[in-house]
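Heads up: the first sequence begins at 938 in the working numbering, then just goes up one per residue.
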Amino acid sequence: MGGGSDTPPFRYTAALAQQIENAWQDRWDREGTFVTPNPGQAGFDASRPKKFILDMFPYPSGAGLHVGHPLGYIATDIYARYMRMTGHNVLHAMGFDAFGLPAEQYAVQNNVHPREAVNRNVSTMRQQLRRLGLGHDPTRSVSTTDEDFYRWTQWIFLQIYHSWYDADAHGGAGAARPIAQLVEQFERGERTVPGENRPWKSLPEAVKRRVIDEHRLAYLAEVPVNWCPMLGTVLANEEVTADGRSERGNYPVYKRPLKQWMMRITSYAERLLNDLELVDWPEKVKIMQRNWIGRSEGAMADFACNTRRIRVFTTRPDTMFGATYIVISPEHEMVDHLVGEKYGNVAFEKAIFPGAAEMLANGCSPRELVMAYRAFASKKTDAQRGEGKDKTGVFIGAYALNPVNGQRVPVFIADYVLSGYGTGAIMAVPAHDERDFEFAKAFKLPIRDVVYPRPVAAMAHYALHAFENEVPPSDWRDELADYLGVVSGEGQHQRSHAEMLHMIRSRRDPARSGGVVTAADTSSPGSIGERRGVVRSFWLETLDDLEIHDFNEFRERFVNAGFYARQGEAFSGAGLAVNSASTSLKIDGLETATAKVRVAEYLEQAKLGKGTINYKLRDWLFSRQRYWGEPFPIVFDESGEAYAMPESMLPVTLPHMGNFQPESSEDPQAPVKTPLDRAKDWATTTLDIGFGAQRYKRETNTMPNWAGSCWYYLRYLDPKNSEQFCSPQVEKYWMSGNAEKSAASRLGVDLYVGGVEHAVLHLLYARFWHKVLFDLGHVSTPEPFRRLFNQGYIQSYAFKDERGIYVDAFSVKTPDGRNFMDCIDEFKDSQGPFTFEGKPVVREYGKMGKSLKNAMAPDDICRDYGCDTLRLYEMSMGPLEASKPWNIRDIPGSYRFLQRFWRNLIDEQTGALRVSDQPAPMELRKALHKTIKGVRQDMEALQFNTSIAKLIELNNTLTKHTGGGSAAPVEVARAMTLMLAPLAPHMCEELWGKLGNPKSISQEPFPQFDEKLVVDDEVEMPVSVQGKVRSRIMVPVGCDAKGIEAAALADEKVRASIEGKPIKKVIVVPGKMVNIVV
RNA sequence: GCCGCUGUAGCUCAGUGGUAGAGCGCAUCCUUGGUAAGGCUGAGGUCAUGGGUUCAAAUCCCAUCAGCGGCUCCA
């Protein structure tokens, strides 16, 4: 390492780095360097602004860290160190998300109890993180599995359980309120009981209870879940593969209704959406959350059917005149009531699905077909439902009435309508919805245009109202193309479409102008302009594309409202309503947006529906049939009623179980038993929860592993508090700040760094809990995470052998027998062949990971180079947010930079400091101050790669100085050490000590720059003639445009380029460049 | 299919209308004596492609191509 026996004794080698790093890590621990006091505690400085810096909660993997994991941790550490050096109180801690499936699976596979596995893995991970020199506050570390932690997770669950969502609060924005307030309102008659005519007091207890439970933000409901009988548990959607099998074990997964705890996150949909505007997050993540919440404006409309009404949801009420049939989901509860006795004669297909034809031939009834179709549809998993887009379905032998025109339309069931979205029923508008179009085509149902974009509307107008001279045998296609060009011409859109059509048409009326457009018309619509020829040929091409050749056929399309049927695809964009009039409502000619409003108004008036807002977001399924999770603080009495346990009984501790594995079965209908059901002594208990001592059964489901990560950041603030989950004063300081600042700076965590894979679920769930706590007055900010930053992944190559199994990527050889990993650059685009133990392997590229057998442990790099080198390398790989390939060959570059810097300050032979008190030469000093300015900016913006590049450049400048035999000026040495300290803290601590400072460098102020020293007094400016750079001139910084112009024109090379031609124009941008136009 | 991001030196990336840049790698030479060492100097670019706007485009606009990510019968 670092040379042979000749290596100078005090060179910065791996061995020296290790020695320095160990010494400083010990000293940081000993002195509690990174312990951060809370308000009111000794050492707390209230005058400093706060920074709460947070990493996404890691799961303590048994596999240990690889070099990809700490990328974000190193970044937040650098940022935290920089903030400490710029006068902030910094809170930066690290805890462990140790409940959940991965921990349980690890325990099963390694045959240890999860508790033991977690303890072991946490301590390994703490060691690894410590080795990276991360300056976390060790006193604030928490684990979700600590009783002292999950006691408060249960407490928050109770807060949610004891709350309801008052949609009227805050002028309609809504807020969570204690459920006791709801009961008071009912009692005082201030609020009517939904679905009840009787006053609250006269209601039976059971009804009261049902009403209250239906309002709770945490509630029990029977919902379809992903049930995997072989694993004996429900699975989250992301744990189910595309083929409807479990990710682990590849077992079949079924949809099965189960009674589960739910969280009413849908109540918060609007606020979760709107408050995204308050936070400084990557736009990408905001978009993902918006899509997930999936707000859509539309209308509910009731289609009368027999004596009942089918309620549909649509985002396009303006197309209601084009609704030619109705589709409801196969599981829709109304199907049984609506299904007809027998089929009459119809002009469309009655049923399409495997076996349907035979059934129809045998004269099966609608009911029988419905049953058969339901069986067919339920066999498909969600994923399979989406696979083939071929439409299937069954006409149920009933008709409904279209509320806008009274038209009788057939009712179908089809699995392309999902029961969980909207009302589970749609009006089908085949001309303006792709799915409906496909279905209508398959079932031979009518497809009727009701919206045309402007050009098509113009075509329709032309087709239906053409003058004699515009139809065959005249050259009508030319006329039409010309006319379309005019209609679609620039500046025409301000006019109403109808107005414009009228104007243009009347001008072309042969009765008026003789069919000749005169030159007098050239400035008004319909005129002859310069570009008419080009525009006309464009429209002729369009007519060709639309296969418009025969006038009568063309006209027929519009007479039958069958333009899109003929086109073969739906038009789902906005345009103008057509063919949309009845005796009660007429929207022809209205723009889509206006038409939507008009139809919604009509529906409301006619009591047939109303405008409404729908969300894709569903309530959050909060139960897991697992052992390794937080128990619910809930018990059931003998009749099965649920009761919350009082706060005083928390925590409800998880019983120790030797066998904690879930029960598996091959029968998808086998009764669901959770592991905790088997803990008989625990599952049944005698308690006094306010009704005297009674026997109760405990809730034996556990919480999902999202629960702990929903609020862990709040516990970092006050980790040892045994009275509250967090004291309000402490919460207020770290989340809202001490001063009266702008709203933006009061929004919680100042920087939250983590992978984009948590863009939706974790961040949405955590925001939801935080908002509930905010509404109930437990936290001071409406949002938990003000600034979010997604670090990229470290990627690497992976190799699979013939069996498709990953092989150790570090043993893969190139064709010439070298290790692939040592020469990635050369073989980046090569196809190999690559071999592992002589056998051919296939290369892949992706995220680094243990399972891909391409992971490199940070410990190895620390051993070979020191962790300062590793930190520096990881940060200089590229922008933090970018994913980038790990390339071991680039690490020595970072290592050598540290060596060069060290050598600039330290005599490698004696180990003595080698700096001089002489002032730095002006050039060096200027370079220093420019660097300080740049590094400060880069640090704030988390652009550590560029701040490192700037420091390398400065070090190169310094090397030129010291290379001449001079010692580094102390002002440069000090400033550079301080600037490098957040990035390579151990080396800089050491140098800082040698520079005569007893205090840890982490407490020292970051260098300031002198504004005067970052500007040059002379700048070089390029002079270009006709846009080409011909020369460069030096001008003083303050020089005005005239002076610069004179200097430029005086330049010889410039004069040569001008060649005496007359000068038309001289453009001078002071400080930037001169351009001479001749 | 839809949405988003990216495309600049061999590699990883800076560069928000005004001079094409950094680090690493590579090459020459010097020091060092055999190396993942130090220093000097240097080569290396159709800024993905094609149009447009402008005195001036890597940068702004439009289209296309390639790569990556997310969502996907969401009415």
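C-beta atoms are modelled at their ideal positions from N, C-alpha and C, and glycine is treated no differently.
Since the structure is predicted, the reported quantities are computational estimates derived from the model, not experimental observations.
Residue i by DSSP, collapsed to three states: which one?
| i | result |
| --- | --- |
| G1645 | helix |
| P1568 | strand |
| D1122 | According to the sequence shown, residue 1122 is Gln rather than Asp. Reduced to three states, the DSSP call for Q1122 is helix. |
| M1364 | strand |
| W965 | helix |
| M1167 | coil |
| E1600 | coil |
| W1218 | coil |
| R1468 | Since pLDDT at R1468 reaches only 44, below the 50 mark, its modelled position is unreliable, and no value is offered. |
| K1998 | coil |
| H1593 | coil |
| S1461 | In this predicted model, S1461 has a pLDDT of only 41, less than 50, meaning its place in the structure is not dependable; the value taken from the coordinates is given anyway. Reduced to three states, the DSSP call for S1461 is coil. |
| L1071 | coil |
| T1251 | strand |
| P1608 | coil |
| N1026 | strand |
| V972 | coil |
| S1100 | strand |
| S1204 | helix |
| L1513 | strand |
| I957 | helix |
| P1906 | strand |
| V1408 | coil |
Using C-beta distances below 6 Å, list every residue in its chain close to residue i, excluding the 5 sequence neighbours before and after it, in chain order.
| i | result |
| --- | --- |
| A1104 | G1111 |
| V972 | D1074 and T1076 |
Looking only at its own chain, which residues have a Cβ that is under 7 Å from the Cβ of residue i, when we skip the five neighbours before and after it?
| i | result |
| --- | --- |
| F1123 | V1130 and W1137 |
| D1947 | H1866 |
| F1036 | T1081, T1082, W1565, G1566, E1567, N1642 and G1645 |
| S998 | N1058 |
| R1724 | D1217, D1687, L1688 and Y1689 |
Could you name the residues of the same chain whose beta carbon sits closer than 8 Å to that of residue i, not counting the 5 residues immediately before and after it, in chain order?
| i | result |
| --- | --- |
| L1154 | I1097, Y1098, S1100, W1101, Y1102, A1113, M1200, R1201, S1204 and V1709 |
| E1084 | P1588 and T1590 |
| S1659 | D1085 |
| S1853 | S1903, A1904, A1905, P1906 and V1907 |
| E1041 | P1051, R1563, Y1564, W1565 and F1597 |
| Y1336 | C1242, R1345, V1346, P1347 and V1348 |
Using the DSSP secondary-structure output, state which residues sit across from residue i in a beta bridge.
| i | result |
| --- | --- |
| K1634 | F1573 and T1621 |
| C1242 | R1245 |
| R1780 | F1736 |
| L1338 | A1241 and R1345 |
| G1691 | N1727 |
| Q1197 | A1158 |
| M2010 | V2006 |
| W1671 | Its beta-bridge partners do not exist; DSSP assigns none. |
| G1330 | I1289 |
| Y1546 | The question names Tyr, but residue 1546 is Gly in the sequence shown. Answer is A1238. |
| T1639 | R1561 and P1568 |
| E1528 | L1513 |
I believe residue i touches residue j by the beta-carbon criterion, under 8 Å. Please report the beta-carbon distance rounded to the nearest angstrom.
| i | j | result |
| --- | --- | --- |
| L1701 | L1209 | 7 Å |
| A1368 | A1502 | 7 Å |
| P1390 | G1546 | With a Cβ gap of about 27 Å, P1390 and G1546 do not count as contacting. |
| Y996 | P1039 | 6 Å |
| K1634 | A1616 | That pair is no contact at about 12 Å. |
| F1573 | V1387 | F1573 to V1387, Cβ: 54 Å. No contact. |
Along the chain, which unbroken stretches of the alpha helix (DSSP H) at least 4 residues long are found entirely within the stretch 1809-1848? The alpha helix (DSSP H) runs of length 4 or more contained entirely in the stretch 1809-1848 are, from start to end of the chain, 1828-1842.
For a minimum of 3 consecutive residues, which ranges assigned as the beta strand (DSSP E) are wholly contained in the stretch 1914-1987? If we require 3 residues or more, the beta strand (DSSP E) runs fully inside the stretch 1914-1987 come out as 1955-1962 and 1965-1973.
List in chain order: all unbroken alpha helix (DSSP H) runs of 4+ residues lying wholly within the stretch 1254-1288. Within the stretch 1254-1288, the complete alpha helix (DSSP H) segments at least 4 residues long are 1272-1275, listed from N- to C-terminus.
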